[in-house]
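Peer 1:
Protein chains: 2
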Amino acid sequence: MTGDGTQRFGVLTEMSGFLLSLAQAHVYRLDEALDTLEGLTTAQLSVLTVIHENPGIRHGEVAEMLMIKLAYMTKLLKGFEASGWVERRSDPADRRAIHLSLTPAGQGVVERTLPVLLAHDAARPNGLTPREMGQMKRLLAKYLELPVTEQP
Amino acid sequence: MTGDGTQRFGVLTEMSGFLLSLAQAHVYRLDEALDTLEGLTTAQLSVLTVIHENPGIRHGEVAEMLMIKLAYMTKLLKGFEASGWVERRSDPADRRAIHLSLTPAGQGVVERTLPVLLAHDAARPNGLTPREMGQMKRLLAKYLELPVTEQP
DNA sequence: TATTGTTATACTCTATAACTATA
DNA sequence: TATAGTTATAGAGTATAACAATA
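Order-wise, the sequence lines are chains A and B. Its first residue numbered 18, the first sequence is counted upward by one per residue in my numbering. Its first residue numbered 18, the second sequence is counted upward by one per residue in my numbering.
Below you can see the structure in the form of C-alpha cells.
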C-alpha cells in the first residue's frame with residue numbers, strides 16, 4: 018500500500034448512515050476472526066439470544082426485533098431446529114402463529130458462546146476511551162429507540 | 018403483530034457490535050426507500066465519492082478506506098467503467114498500480130446524488146436530538162479513527 | 001519473495017413475490 | 001380482506017484461493 022494517509026472521506030464523515038455502515042464493517046471484519054462461537058455467526062447468536070430472553074416469542078416478533086426478513090428467519094430456524102436448538106409449537110388460539118423456545122441444548126449453546134462474544138465485544142480494538150464507548154452505546158440504543166434494559 | 022412491547026434484548030444492548038449492526042440494518046432499511054440515487058446503492062455512491070475526493074487514488078486504497086474486498090472492488094469498478102463514470106490509468110512508475118478518477122459524467126452523478134443522500138441522512142428518523150446526533154457522529158468517527166476532516 | 005490487481009466459487013443476507021393456512 | 005409463515009429466485013456483498021504481472 019503506497020497510501021500516504023492523506024485520503025479524504027469528504028462529506029461522508031458527516032453522514033450517520035455512512036459512519037454506521039463503516040463501523041459495522043469494522044466490527045464484522047474483526048468478528049470473523051472469532052472462531053470460538055461453535056460455528057455460529059453473530060447474527061445467528063443474536064436470534065438464539067432473543068429466543069433465550071423471550072421464551073415463547075413468535076417467529077415474526079424475533080424478525081421484527083432484529084430487523085431480519087421473515088423469509089430468512091424461516092431458513093435460519095430450520096437450521097436451528099435441525100441442530101436441535103430451537104423448538105417450535107403452534108399457538109392453539111391462532112394456529113397460524115408459531116412460538117419459539119430453546120431446547121436444553123440450545124440454552125447450553127447460548128450460555129457457552131454468549132459470554133465469549135461479550136468479552137470479545139468489550140475487548141474489540143477501537144479509538145474510544147471506555148467512557149466514550151459507554152456514551153456511544155447509550156446513544157446507539159437511544160438512536161434505535163430500544164426498550165431500556167433494567168438489569169440489576 | 019401481537020407483540021406487547023415487552024420483548025427483551027437482554028445483554029445484546031450492552032454489546033457495541035450488536036448495536037452497530039442493528040443501527041446499520043435500520044439505516045439500510047430506510048435507505049432502500051431512496052429511489053432518487055439514479056440506481057446507485059449507498060455503497061456504490063461511497064466509492065464514487067471517495068474517488069471524487071481523491072482523484073488519482075489507487076484501486077486498493079479505495080478498498081482499504083471503505084473496507085471493501087479488493088475482489089469486489091474490481092467488479093464495482095468494471096460496472097462504473099461500463100457506465101462511463103470512472104477512468105482507470107496505470108501508473109507508469111509501477112505498472113501494477115491503477116489510478117482512478119471520475120469522468121465528467123461521473124462527477125455529474127456524484128454532484129447530483131450526494132446532496133440527495135446527505136439530506137436524506139440528516140432527515141432519517143431516529144430517537145436522538147440533533148445535539149445527540151452530532152455527538153454520535155463524532156464518537157463513530159473517533160471509534161473508526163477516521164482522519165479529521167478540516168472543512169472550512 | 002512480496003505486492004497489485006483479476007477471476008472464479010461458495011456463502012450470507014436482503015428484496016420480492018407467489019403461495020398456504022388461518023383469522 | 002388481512003395476517004403468519006413458507007418457498008423460490010435474484011441480487012449485493014463477503015471470504016477465499018488461485019492466478020498473472022510487476023516490483
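Glycine included, each C-beta is placed from N, C-alpha and C at the ideal position.
(1) Is B:Glu-149 close to chain A, meaning its C-beta is less than 7 Å from at least one C-beta of that chain?
(2) Going along the chain, which residues of its own chain have a beta-carbon closer than 7 Å to the beta-carbon of A:Ala-114, five neighbours each way excluded?
(3) Per DSSP, A:Arg-105 is paired with what?
(4) Please determine if the stretch 44 to 56 of chain B and the stretch 27 to 36 of chain B are in contact, where contact requires at least 3 C-beta pairs separated by less than 8 Å.
(5) Chain B partners of A:Thr-59, CB-CB under 8 Å?
(6) For the alpha helix (DSSP H) holding A:Thr-53, just list the boundary residues, first then last.
(7) With a Cβ-Cβ cutoff of 7 Å, do A:Glu-162 and B:Gly-101 count as a contact?
(8) If we call anything under 7 Å between Cβ atoms a contact, is A:Met-82 one with A:Val-103?
(9) For the stretch 115 to 123 of chain A against the stretch 131 to 143 of chain B, are there 3 or more C-beta pairs whose distance is under 8 Å?
(10) Can you pull the chain B neighbours of A:Phe-97, defined as C-beta to C-beta under 8 Å?
(11) Using alpha carbons as the reference points, say which of A:Leu-131, A:Val-165, A:Gly-151 and A:Val-28 lies closest to A:Gly-56.
(12) Taking the C-alpha atoms as reference points, what is the distance between A:Gln-124 and A:Phe-97?
(13) So B:Gln-152 contacts chain A; which residues on that side make the cut at Cβ distance below 8 Å?
(14) Quick one: what's B:Arg-112 bridged to in DSSP?
Peer 2: Checking against the coordinates, here is how it stands:
(1) On the second sequence, position 132 is the one that residue 149 of chain B refers to. Yes, because at least one Cβ of chain A sits closer than 7 Å to the Cβ of B:Glu-149.
(2) The residue labelled residue 114 of chain A in the question sits at position 97 within the first sequence. Non-local beta-carbon contacts of A:Ala-114 in its own chain, meaning distances under 7 Å to residues more than five positions away in sequence, involve Arg-75, Ser-107 and Asp-108 in chain order.
(3) Counted from its first residue, the first sequence places residue 105 of chain A at position 88. According to DSSP, which records beta bridges pairwise, A:Arg-105 is partnered with A:Leu-117.
(4) Flag = no, the stretch 44 to 56 of chain B and the stretch 27 to 36 of chain B do not touch.
(5) The count along the first sequence starts at 1 and reaches residue 59 of chain A at position 42. Here the neighbours are Gly-34, Phe-35 and Ser-38.
(6) One-based indexing of the first sequence puts residue 53 of chain A at position 36. No alpha helix (DSSP H) holds A:Thr-53; DSSP gives it neither H nor E.
(7) Residue mapping note: residue 162 of chain A aligns to position 145 of the first sequence, counting from 1. Residue mapping note: residue 101 of chain B aligns to position 84 of the second sequence, counting from 1. Going by C-beta atoms, A:Glu-162 is not nearer than 7 Å to B:Gly-101.
(8) Looking up residue 82 of chain A in the first sequence gives position 65. Looking up residue 103 of chain A in the first sequence gives position 86. In this structure, A:Val-103 does not lie closer than 7 Å to A:Met-82 by Cβ.
(9) Here the stretch 115 to 123 of chain A makes no contact with the stretch 131 to 143 of chain B; the two share fewer than three CB pairs at distances below 8 Å.
(10) Looking up residue 97 of chain A in the first sequence gives position 80. Per Cβ cutoff of 8 Å: no residues; A:Phe-97 is ~17 Å from chain B at best.
(11) The count along the first sequence starts at 1 and reaches residue 56 of chain A at position 39. If you compare the alpha carbons of A:Leu-131, A:Val-165, A:Gly-151 and A:Val-28 with that of A:Gly-56, the shortest gap goes to A:Leu-131.
(12) Numbered from 1 along the first sequence, position 107 holds the residue referred to as residue 124 of chain A. Numbered from 1 along the first sequence, position 80 holds the residue referred to as residue 97 of chain A. Spanning the alpha carbons of A:Gln-124 and A:Phe-97 requires a straight line of approximately 12 Å.
(13) On the second sequence, position 135 is the one that residue 152 of chain B refers to. Ordered by position in chain A, the residues that pass the 8 Å Cβ test against B:Gln-152 are Gln-152 and Leu-156.
(14) Position 95 of the second sequence, counted from the first residue, corresponds to residue 112 of chain B. DSSP, once it has assigned bridges, lists no residue as partnering B:Arg-112.
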